[in-house]
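Residue numbers (the numbering used here): 119 to 591. Cβ coordinates follow ideal geometry from the N, Cα and C atoms, glycine included. Presented below is the structure to which this report refers.
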């Protein structure tokens, strides 16, 4: 028994690692462009559905896609309405792995590993090397599946088959199946994995019929919501709405299947032919397609419903020194992290611009109140600048595309220029207080100092607006 558990555990580890490696490598090959397109072509729900299907077919995790959507919303690259179509598509795209497993491609595991290593080790082009890792991940994924299959002795098949009977037929059995699928998927954080294992067990004859599989598949659909809900903690209201809509969609899909379409699925899927393993993979696809087909025409009403149950609340803005957009959870997603950094840098620019305005007006009109505000802003700007710089440095240490790598120096330069603007403001603050205390009129050297400062600041802000177009002068 100990040897069996070790082999199953090791096989599951290889399966998860292979899936992770394949997903990460695919993201490096097409991910940056994919995420940017995701934020721009999803204005119509049907486009969002199609692209969400493609993205999740690549990532092989609807949880990962939904977490990415939450990040894109938080970065301002997508709004909540656009996200709904993507989430519908994500639920379809996550079925690809189970379909691959149903075709038993284990014979390709070792050739894929060998070819993947050749491409990764002996070629210099980054895209080719990453393509090698995609093949390597694919091979490791199925090698893990082979190990899990071989680990289960033939004499144990009837025991596992009896356990599957617990989720069959009765309301109690359905609840057991839902609970098992939910917990298993919440642990591995991927319904692709749990449904694929179910398909693998069916191919070994350990699943009796579809009645046993449907509650488990539905439980997997519920369990996959956990990751997105966790990712939405501490984000803005639209990000929370996206995570809630993903959860609501999956729960309502479970309700539709059990109450309305259960008998229909049991009738139509066997008529499509194939082994039980294929039937389980097919019913996984059909459930997702049916749910999306029913939801797509009512996306507008659904979005308003979610906005009603997750209303926007007035939130007290944090102090100047506290970042509003930086989120360490997205540092490893450079496309999202760079957008968050840009939003924070633009905020720093607006604060610095206000500082210089208050400093100039306070200096010109001997207004002590405005000069006090400059001092208050100055204390916050230093902390904010340090936080942004740390965040940008963290991003620069990730695996960046050429375009992303080119943006990093521009971001750092923007921060430095805004810091210089704030520095000019503090210099004017000191001169202004001297001018106020001694009641010096605005003429001669004081006027020249003001003009020189204005020209320098104008040059810096103009320069920033050229390579940081998000900053509006």
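Pull up the CB-CB distance for residue i and residue j, whole angstroms please, since I reckon it's below 8 Å.
i	j	result
residue 513	residue 466	Residue 513 to residue 466, Cβ: 16 Å. No contact.
residue 387	residue 319	Their Cβ separation, rounded to whole angstroms, is 17 Å, which puts residue 387 and residue 319 out of contact at 8 Å.
residue 255	residue 134	In fact, because the Cβ distance is near 11 Å, the residues do not count as touching under 8 Å.
residue 125	residue 265	6 Å
residue 469	residue 402	Actually they do not touch by this definition, with Cβ atoms about 51 Å apart.
residue 316	residue 325	7 Å
residue 206	residue 175	At roughly 14 Å, the Cβ-Cβ gap does not stay under 8 Å, so residue 206 and residue 175 are not in contact.
residue 487	residue 579	That pair is no contact at about 24 Å.
Just how far apart, CA to CA, sit residue i and residue j?
i	j	result
residue 553	residue 485	10 Å
residue 185	residue 300	18 Å
residue 352	residue 188	11 Å
residue 339	residue 442	33 Å
residue 599	residue 482	With the chain running from 119 to 591 in the structure shown, residue 599 is simply not present.
residue 167	residue 232	36 Å
residue 359	residue 537	36 Å
residue 573	residue 368	58 Å
residue 450	residue 414	32 Å
residue 525	residue 583	14 Å
residue 491	residue 556	20 Å
residue 165	residue 463	32 Å
residue 384	residue 422	34 Å
So, using beta-carbon positions, are residue i and residue j closer together than 8 Å?
i	j	result
residue 528	residue 444	no
residue 203	residue 229	no
residue 593	residue 577	What is shown of the chain runs 119 to 591, which leaves residue 593 out entirely.
residue 217	residue 331	no
residue 219	residue 263	yes
residue 69	residue 395	The shown model of the chain, from 119 to 591, leaves out residue 69, and the question about it has no answer.
residue 416	residue 366	no
residue 438	residue 498	yes
residue 191	residue 363	no
residue 259	residue 130	no
residue 261	residue 227	yes
residue 547	residue 567	no
residue 509	residue 459	yes
residue 295	residue 337	yes
residue 503	residue 539	no
Does the beta carbon of residue i come closer than 8 Å to any beta carbon on chain C?
i	result
residue 576	The displayed structure is made up of one protein chain only, and chain C is not part of it.
Ends of the alpha helix (DSSP H) at residue i?
i	result
residue 203	198-211
residue 377	Counting along the chain, residue 377 falls outside any alpha helix (DSSP H), and DSSP gives it neither H nor E.
residue 535	520-556
residue 317	309-321
residue 484	From DSSP, residue 484 is part of no alpha helix (DSSP H); its letter is neither H nor E.
residue 421	417-427
residue 337	328-341
residue 409	394-413
residue 290	289-306
residue 441	No alpha helix (DSSP H) holds residue 441; DSSP gives it neither H nor E.
**Asked** On the three-pair Cβ rule with 8 Å, is the stretch 398-413 touching the stretch 203-220?
**Response** yes
**Inter-stretch contact at 8 Å, needing at least 3 Cβ pairs: the stretch 364-375 / the stretch 233-240** = no
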